[in-house]
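Using the numbering used here, you'd call the opening residue of the sequence shown number 73 and step up by one each time.
Beneath this line is the structure, given in structure tokens, with notes to follow.
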Amino acid sequence: MVYSLPFLLFVAVLLIAYYFVFKNHQWVVLLIGSLAFYLYTDLRFSVFLVVTTVMTYFGAIKLEQLSDYQKSNIKENKEKWTKEEKKAFKAAVSKKKRLLLSLIAIVAFGMLMVFKCKKFLPFSWLVLPLGMSFYTFQSIGYLIDVYRGDVKAERNFLHYALFVSYFPQIIQGPINRFDKLHHQFFQKHNFDFEQIRSGLWLFLWGLFKKLVIADRLAMFVNTVTEHTDNPPGSIVVAAVFLFNIELYADFSGGIDMVSGISEMFGIGLAENFKRPFFATTIGEYWHRWHISLSNWIRDYVFYPIALSKTYANVSSKLSKRNTHLGKTIPAGIVSVITFLLIGLWHEFSFSYIAYGLWHGFVMASSQIFEPFFSYLDRCFSLNRESYSMKLFGRARTWILISIGEMFTLTGSFSGFLRLFYQVIHNFDWYRAITDIELYSLTYKDFFVVGVAVIIWYVVSVRQESGMRIREHIAAQPWLFRYALTAGVIMITLIFGIYGSSYNAADFIYGGF
């Protein structure tokens, strides 16, 4: 686990080696540290990391060679070939490139899907390898970028292996892009106390969210959804709403921790969250939540489908009948497909298929019925930019997100139906007050969570207004800085939920 003493000692030793012992070979320190970390935590399934790395490394080089072969032959035969001959040659080479890309993608995603479908396989030992979803998507994204000619293929295998296996990102993301991350490994990084301190602050902030908020709420949510046969509907609703907070605190807290550790090495990871519960629509929510996955799906799935001839033909035919529907129905269909893939990225199960379809349906509906919503705005003189309408939009988005999360809470269709039945037929609103302490947490626990969430909300509001919190803290007197750091550490130690049974897999997205 990223907050265990052995892991923190591992990071400390690596920092010393990185900045002071092998400062002229820093990337080698990161590679050795990353491989050691992965082999130590997941030795059984390290073969999948090796296969993905080797396969995409050589595949990228071959794709680039085919592209170079195409360009050089067209240049050499510029005057000899007719238009048809050039077109036929390009088509033949492009076919080879597509075939190679498809084969590698099928093998890589095939290995991943075996583990995603573990519920349907009779192997109890089948556990998703650490970081497999993240490094698979990251590697295939790199391969597609080389295929498109957006980046050059990396010829040094060890350099590429570091890009795939870099230890902070492999725990639970984010999904980084080659052109944004790779070059950082080979720049000279001098020891900078302020940079180390800034990374430590980000790590502590993530730790606070994880241990004080997420892990405490997990006790309540798990008791309601897994260990109680028929909880009253009001308790179910409370659990669903609190699960949203738990999930956000858990995932964003974990990302803050690994980003803070990476920042200590001078390596910046992709942004993965941008205060998603300030979003006023589902579309905006997905621009703020799990940004690296949303962008991956957008760039490598949504845009290719939306720019395809099939899409253009369907849109053209529909536009002849209705211009608006010609634009929105095809876009809505693609939205459903892409969100279905996002659901499957999490897990191949009813829960996450329903989760993906729900988000796709809401996105498609919002696009198709936009003229009707605009009509309501005009009828009731509603200004979407007003503060009250933004609050309404945030509440509406929270409710829609909560409905989607309800599919995933129990992990089964029967569990979903059980909870849904209780909400409809046995709501008993008063029991959310009188019986709340029967589900693992006391009123004192909820008070702690409430105060922690208020602190988190205030910080988020300041960030939303443009304040760079860590830079602002760094500008304060040293006494304030150290008192604040010590205070966060003490609060986390006193009010955090932790113990010997916790490990890296306890991050919710560590299981994806």
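Backbone N, C-alpha and C fix where the C-beta goes; we use that ideal spot for every residue, glycine too.
As the structure is a computational prediction, the values presented were derived from the model and not from experiment.
Mapping DSSP to helix, strand and coil, what is Q210? What you label residue 210 is simply residue 138 of the sequence shown in a count that begins at 1. Three-state result, Q210: helix.
Selected residue, minimal CA-CA separation from V293, among L510, V386 and L429: If you number the sequence shown from 1, residue 293 lands on position 221. The option with the nearest alpha carbon to V293 is L510.
Rounded separation between I327 and F337 - CA only: Here residue 327 is taken as the residue at index 255 of the sequence shown, counted from 1. Here residue 337 is taken as the residue at index 265 of the sequence shown, counted from 1. Straight-line Cα distance between these residues: approximately 16 Å.
Coil, strand or helix - M461 by DSSP: The residue labelled residue 461 in the question sits at position 389 within the sequence shown. Correct three-state label for M461: helix.
Going straight from the alpha carbon of D140 to that of I216, what length do you get? Numbered from its first residue, the sequence shown carries residue 140 at position 68. Numbered from its first residue, the sequence shown carries residue 216 at position 144. Those two C-alpha atoms are separated by around 16 Å.
Within 10 Å of its beta-carbon, does L565 have 16 or more other beta-carbons around it, so buried, or fewer, so exposed? Taking the first residue of the sequence shown as position 1, residue 565 is located at position 493. Exposed, because fewer than 16 other Cβ atoms sit within 10 Å of the Cβ of L565.
Going by DSSP in three states, T514 sits in which element: helix, strand or coil? Numbered from its first residue, the sequence shown carries residue 514 at position 442. In the structure shown, T514 sits in coil (DSSP, three-state: anything other than H, G, I, E or B).
Are E335 and G415 close, meaning C-beta to C-beta below 8 Å? In the sequence shown, counting from the first residue as 1, residue 335 sits at position 263. In the sequence shown, counting from the first residue as 1, residue 415 sits at position 343. Against a cut-off of 8 Å, the Cβ pair of G415 and E335 comes out as no contact.
Which two residues bound the contiguous alpha helix (DSSP H) that contains R370? On the sequence shown, residue 370 is found 298 positions in, with the first residue counted as 1. Neither: R370 is in no alpha helix (DSSP H) and is coded neither H nor E.
The segment 302 to 309 / the segment 360 to 369 touching (three or more Cβ pairs under 8 Å): no
Do K282 and A321 have their C-beta atoms closer together than 8 Å? Counting from one through the sequence shown, the residue named residue 282 turns up at place 210. Counting from one through the sequence shown, the residue named residue 321 turns up at place 249. Taking 8 Å as the cut-off, the beta carbon of K282 is found closer than this to the beta carbon of A321.
CB contact check: Y357 to chain B, cutoff 8 Å: Here chain B cannot be found, since the structure has a single protein chain.
Tell me which residues share the same chain as F94 and place their Cβ nearer than 7 Å to its Cβ, disregarding the 5 neighbours each side in the sequence. The residue labelled residue 94 in the question sits at position 22 within the sequence shown. So the qualifying residues of the chain are V100 and V101.
Quick check: the Cα distance between I333 and M127, rounded to an integer number of angstroms? Along the sequence shown, read from residue 1 onward, the residue named residue 333 stands at position 261. Along the sequence shown, read from residue 1 onward, the residue named residue 127 stands at position 55. I333 and M127: Cα-Cα distance of roughly 29 Å.
Residue burial classification, W273 (beta-carbon count within 10 angstroms, cutoff 16): As a first step, residue 273 must be located in the sequence shown, where it is residue number 201. Classification for W273: buried.
Which of helix, strand or coil DSSP assigns to P246: Residue mapping note: residue 246 aligns to position 174 of the sequence shown, counting from 1. If DSSP states are grouped into helix, strand and coil, P246 belongs with coil.
Cβ-based neighbour list, P246, same chain, cut-off 7 Å, excluding 5 preceding and 5 following: Taking the first residue of the sequence shown as 1, we reach residue 246 at position 174. Once the five neighbours on either side are set aside, the close Cβ partners of P246 are I327, L341, A342, N344 and S364.
Can you tell me which of the three DSSP states M183 falls into? As a position in the sequence shown, residue 183 is number 111, starting the count at 1. DSSP places M183 in helix when its eight states are reduced to three.
Chain-order list of residues whose beta-carbon lies under 6 Å from that of L397 (same chain, five-residue window excluded): The residue you call residue 397 lines up with position 325 of the sequence shown. Contacts found: L390.
Own chain residues within Cβ distance below 6 Å of S573, not counting five before or after: The residue you call residue 573 lines up with position 501 of the sequence shown. Its pLDDT being 46, under 50, S573 is placed unreliably in this model, and the value from its coordinates should be taken loosely. Here the set comprises nothing.
Looking at C-beta atoms only, is the number of pairs between the segment 499 to 514 and the segment 283 to 302 that lie closer than 8 Å three or more? yes
State yes or no: is the C-beta of L198 within less than 8 Å of the C-beta of F187? On the sequence shown, residue 198 is found 126 positions in, with the first residue counted as 1. On the sequence shown, residue 187 is found 115 positions in, with the first residue counted as 1. Contact flag set, yes.
Answer yes if the segment 345 to 361 comes into contact with the segment 526 to 544, meaning at least three C-beta pairs across the two stretches below 8 Å, and no otherwise. yes
Excluding five sequence neighbours on each side, which residues of the same chain lie with their C-beta closer than 7 Å to the C-beta of F485? In the sequence shown, counting from the first residue as 1, residue 485 sits at position 413. Answer for F485: F422, listed in chain order.
Does the segment 248 to 262 come close enough to the segment 283 to 290 to have 3 or more Cβ pairs within less than 8 Å? no
Please tell me whether H431 and I354 are closer than 8 Å, where the distance is taken between their beta carbons. One-based indexing of the sequence shown puts residue 431 at position 359. One-based indexing of the sequence shown puts residue 354 at position 282. Taking 8 Å as the Cβ cut-off, H431 and I354 qualify as a contacting pair.
Enumerated in chain order, which unbroken segments of the alpha helix (DSSP H) with a length of 4 residues or greater are wholly contained in the segment 431 to 509? 442 to 451, 459 to 481, 485 to 497 and 503 to 506
If you draw a straight line from the C-alpha of E136 to the C-alpha of L172, how long is it? Against the sequence shown, residue 136 aligns to sequence position 64. Against the sequence shown, residue 172 aligns to sequence position 100. Approximately 11 Å between the Cα atoms of the pair.
Given T400, which residues of its chain have a CB within under 6 Å of its CB, disregarding the five upstream and five downstream residues? By 1-based counting over the sequence shown, the position of residue 400 is 328. So the list reads Q439 and I440, once near-sequence residues are dropped.
Alpha carbons only, please: which of S387, Y502, G203 and I369 is nearest the one belonging to V408? In the sequence shown, residue 408 corresponds to position 336, counting from 1. Measuring from the Cα of V408, the nearest candidate turns out to be I369.
For T113, which option in L200, G278 and F452 has the closest C-alpha, if you only look at C-alpha atoms? Residue numbering aside, residue 113 sits at position 41 when the sequence shown is read from its first letter. When L200, G278 and F452 are compared, the shortest CA-CA separation from T113 is found for L200.
In the structure shown, what three-state DSSP assignment does E335 receive? Position 263 of the sequence shown, counting from 1, holds the residue named residue 335. The answer is helix: DSSP assigns E335 an H, G or I state.
May I ask which residues mark the beginning and end of the alpha helix (DSSP H) holding S144? For the purposes of this step, residue 144 is identified with residue 72 of the sequence shown, where counting begins at 1. Bounds of the alpha helix (DSSP H) holding S144 are S118 to E148.
Segments of 4+ residues assigned as alpha helix (DSSP H) that fall wholly inside the segment 516 to 553: Whole alpha helix (DSSP H) segments, 4+ residues: 541 to 546.
Going straight from the alpha carbon of L276 to that of M329, what length do you get? Translated into the one-based positions of the sequence shown, residue 276 becomes position 204. Translated into the one-based positions of the sequence shown, residue 329 becomes position 257. In a straight line, the C-alpha of L276 is about 7 Å away from that of M329.
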